[in-house]
Structure formats: structure tokens, C-alpha cells
Amino acid sequence: MTNTYCEFLAAKRVAPSHYLKEVGDQWRTPDPLFWGINAMFGPLVLDLFADDSNAKCPTWYTAEDNALTQDWSGRLAELGGAAFGNPPYSRSQYHEKQAITGMTHIMNYAAAQREKGGRYVFLVKSATSETWWPENADHVCLIRGRIGFDLPVWFKPADEKQRPTSAFFAGAIVVFDKNWRGERLSYINRSELEAKGRAFMTLALFAADQQKMKNEVEE
């Protein structure tokens, strides 16, 4: 689907240089954070808001797909697992009266998909005073310690001032899952979450190496 938001993103990706203010809602989830969340609430198999260069899961929706028009629950039933989202924080935008961005729209859509079945896990700003904050989430895990996000792979700094190491803010993990039977609220230190992620990444790399050796022997 082509719309002004997709066209704007496409233009940014091919621009010869960028300023930090142009990153907008395209900050990437660092691997240790994602894999830590996967260890706690996964397996995460569907990335709801991604592109071909930053997807964290084997299956993903791009801006062109518009996740807010997709059947998340049905897709998860096929894949077997949970969905992950590092949602775009752009102000609400529409294409032919259909929302394509906006945190309120995203959280409301997640709540609706929850009723159909499936687990939906979001890494969001810990912004409980915002109107979009999901009071109806089944579980919220508040992260102690500010979390960082990475620049998009397409970012080419226009000058030396455009080189931050990350974007930092207080974060939370929000879970929509009508079959959730745990507590509504929990806490985790950022360092513990990242440690879980690194441990899971080590295990995944080990499994991949083992499979590679097995394939080489069979050949």
C-alpha cells in the first residue's frame, strides 16, 4: 500500500545524509533488549512494525503492509508464537480514513486482536500519563534504568554532531494476552533484561553452529 507515510520513509532511506531529528519513529530495538523480552514472553515470531532491514522476527509487517489492517491473531495461529512491537510514535496519520500510525490506534488495535486470541508484546515508553497508555493491558513490566535504542541502518550522519550512541528513556514491556494468568505488574532491571537477552543470543548462536556442523557432516 502506498501512502504519504510510506513515501516519506522511502525518501529518508535513500537520502545522502541525515540529521538526528529526521530519525523520528525509526529507532531500532537493540538485540539484547529484544532477546531478553523474547526470553520472558516469547517465542516472538511476528514483528508488527518493521522493515526488511530491522525486523527482529522471521515474519514481519512493513509500513506498506500497515499492521493496523492485518489479522494479527490469524497470523499467529499459523505461526505458533507471540507478536512483538516497537511501535512508531508518530502522531496519528491516515490513508483513505484508515489509521496507519498513532499510539492510541495501535494500543486499541492490540486490545481488539487480544480478544481474538494471541499474545502481543510491546516495548514502549513508560508514559503512564499519556492518553494512549494501555490501562487494559494484561501485564506491564516496568524496566528499571533507562533503555537505549539504535539508529536505523540507513542513517548517514550529515556532520559530527549527528552521532549519538543511542536514544534513552524509561521503558516498559506491555503484554496483551487474554490467557495471561500472572500478576498485572512487575519490574525488571535493565541490566537483568539485557543479561537474559545475551544468554538467549548465545544459545541461539550455539544452536545455529550445531545445525551448520550437522549439515556439513550430512553433505
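Okay, so the sequence shown: first residue is 296 according to the numbering used here, each after it adds one.
A virtual CB, placed ideally from N, CA and C, is assigned to each residue, including glycine.
Nearest-angstrom Cβ-Cβ length linking residue i and residue j, presumed shorter than 8 Å
i    : j    : result
L488 : L328 : 7 Å
W355 : M496 : Not quite, the Cβ-Cβ distance comes to about 19 Å (not below 8 Å), so this is no contact.
F471 : A432 : 6 Å
G466 : S421 : 6 Å
S481 : C436 : 5 Å
W367 : A377 : W367 to A377, Cβ: 10 Å. No contact.
Status (buried if at least 16 other CB within 10 Å, exposed otherwise) for residue i
i    : result
P353 : exposed
N484 : exposed
L516 : Nothing about residue 516 can be reported from this structure: the residues present for the chain run from 296 to 514 only.
N333 : buried
N474 : exposed
D346 : buried
M402 : buried
M508 : exposed
L341 : buried
A306 : exposed
F464 : exposed
Q506 : exposed
G375 : exposed
P459 : exposed
K491 : buried
K392 : exposed
K351 : buried
G413 : buried
F336 : buried
P311 : exposed
Cross-strand partners of residue i (DSSP beta bridge)
i    : result
K575 : Past the edges of the chain, shown from 296 to 514, lies residue 575, and the structure says nothing about it.
I438 : G466, I483
W355 : D342
A378 : L341, Y415
D445 : R323
F471 : Y415
P452 : H313
Beta-carbon contacts of residue i that lie in its chain and below 7 Å, excluding the five residues immediately before and after
i    : result
A362 : L343, F344, Y356
R409 : Y415, F471, D472, K473
R493 : P327
Beta-carbon contacts of residue i that lie in its chain and below 8 Å, excluding the five residues immediately before and after
i    : result
R323 : N349, N381, F444, D445, L446, P447, V448
R441 : F463, F464, A465, G466, R485
Spatial neighbours of residue i in its chain, beta-carbon cut-off 6 Å, leaving aside the 5 residues before and after
i    : result
L304 : A358
F450 : H313
Q457 : Y314, L315
P429 : M402, V469
* To do: Within the segment 299–335, note down every full alpha helix (DSSP H) run reaching 4 residues or more, in order along the chain.
  => Listed in chain order, the complete alpha helix (DSSP H) runs (minimum 4 residues) inside the segment 299–335 are 299–309.
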